[in-house]
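Here the structure is laid out as structure tokens; the discussion comes afterwards.
Number of protein chains: 2
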Amino acid sequence: MLFPCTRGRKSSREKILDAAAELVAEIGAGRLTLDAVAEKAGLSKGGLLYNFPTKEALLQGMIQRMIDQVTSEKDALRATVEPGPNLEARVVTKTLLNICCGGKMQEFATGMMAATAENPGLLDPVRQVIGNTLKQLKANSDDLDAALVGWLATEGLSNLEMHNLSPFTDEDRDRIVKAIDRVVVKGIAE
Amino acid sequence: MLFPCTRGRKSSREKILDAAAELVAEIGAGRLTLDAVAEKAGLSKGGLLYNFPTKEALLQGMIQRMIDQVTSEKDALRATVEPGPNLEARVVTKTLLNICCGGKMQEFATGMMAATAENPGLLDPVRQVIGNTLKQLKANSDDLDAALVGWLATEGLSNLEMHNLSPFTDEDRDRIVKAIDRVVVKGIAE
DNA sequence: GCAACTAAACCGTCCAGCCGGTATATAAAT
DNA sequence: ATTTATATACCGGCTGGACGGTTTAGTTGC
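Taken in sequence, the protein lines are chains A and B.
Residue numbering for the first sequence follows this note's numbering, starting at 1 and increasing by one per position.
Residue numbering for the second sequence follows this note's numbering, starting at 1 and increasing by one per position.
The following block contains the structure:
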């Protein structure tokens, strides 16, 4: 809840979070240690613990930053998506896919892995975001079924990519993205 | 690589794997300890290490059992699914959804979390299964786009349920399953 | 008599969190 | 103006406990 560094610097917390995300990607969520994070972030363990008093706080910070990034990404995209049917669903799918491509998804995944490795309860904020997304889709969709299927397919794709499990070539992926878009825009025939 | 228990008993290994899966779900993948598994499985640490000489062997065992369960489930389902378009895709989606409902998915998820927490390389067998699924779909689909979207949507749904992130009510889920089925059977309009 | 354990001590390593410092800056008191 | 006080931001050694794995000596049941 505190933002200790309000003066000139803007970085210690960010550097720490970056370092932690990279480390998880490199060595696995279960092997994340405070010493390693501190070294990678370029400060001491004491400095790290000054910014994040416990390891759990660090993991919360990782999760929260990702959520913030995703929501701001979504807001930014909302302005650029051309109007048409199932707009909200298209914003959601585009956001997810953008994050995947931007390499941010790896970071997101590793954070989630780290969190669940340590304490599954840390995913509560993520649960809330997902619940809100569903609420948004229910309120704003022209064809809810199509919106949900599109959303879930995108989730499935990004989950696979998150864990480096995706078997798809670039062409495959391209086809899939277009197919999802078609489903969302044209709806599901009754 | 060894299966020490080939005679009468069929349980110690299973009990251990069950215990490990439950434990991960309860306390998080990163906190899985051999002592805890042994206690929960109702045997001594020595007995545990007799069945799985290292922790890594235990994790491999968890992953492998899940894969075996999924593939046998799929084979069993293949016989029961009524013929029609995109049959392979329907088998795949039904399999995933069946596992979710059966509560087995939680187990699958926790195993995967535990594995990746310890060593991402342990997911290699899973990668192979997914690659094979894609190959099957490519070879046997009447409308590949629809098959892939259906598969991915199912993956997305099961992933959410795996991590207890699903915001869906039972009615929601029912609608979604039907919608996915419609996409797979009727194809995606060009 | 061997496979499948039990029970418990033990070892080496790892690591989170603690704690006593340090440096700098800003503010208050004298 | 100089001292004193307070707060921020950070350093880095230390420790106590947990954990993976080993060993040993004994036990049960087929």
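Glycine is no exception: its CB is placed at the ideal position from the N, C-alpha and C atoms.
Predicted model only: the values in this text are computed from it and were never measured.
Cutoff 8 Å: residue i Cβ touching any chain A Cβ
i	result
residue 126 of chain B	yes
residue 66 of chain B	no
residue 154 of chain B	yes
residue 22 of chain B	no
residue 145 of chain B	yes
residue 16 of chain B	no
residue 182 of chain B	yes
residue 88 of chain B	no
residue 139 of chain B	no
residue 167 of chain B	yes
residue 62 of chain B	no
residue 76 of chain B	no
Neighbour flag for residue i against chain B, beta carbons, 8 Å
i	result
residue 30 of chain A	yes
residue 171 of chain A	no
residue 56 of chain A	no
residue 186 of chain A	yes
residue 131 of chain A	yes
residue 177 of chain A	no
residue 97 of chain A	no
residue 159 of chain A	yes
residue 149 of chain A	yes
residue 119 of chain A	yes
residue 93 of chain A	no
residue 123 of chain A	yes
residue 134 of chain A	yes
residue 189 of chain A	yes
residue 116 of chain A	yes
Endpoints, the alpha helix (DSSP H) within which residue i is located
i	result
residue 14 of chain A	12-27
residue 161 of chain A	144-162
residue 51 of chain A	45-51
residue 125 of chain B	124-140
residue 58 of chain A	55-80
residue 247 of chain A	Because chain A in this structure spans residues 1 to 190, residue 247 of chain A falls outside the shown range and cannot be described.
residue 39 of chain A	34-41
residue 179 of chain A	170-186
Any 3 or more C-beta pairs closer than 8 Å across the stretch 149-156 of chain B and the stretch 83-101 of chain B
yes
For the stretch 176-188 of chain A and the stretch 117-126 of chain A, state whether three or more C-beta atom pairs, one from each stretch, are separated by less than 8 Å.
no
On the three-pair Cβ rule with 8 Å, is the stretch 127-139 of chain A touching the stretch 35-48 of chain A?
no
How do the stretch 133-140 of chain A and the stretch 80-91 of chain A stand: do at least 3 beta-carbon pairs fall below 8 Å, yes or no?
yes
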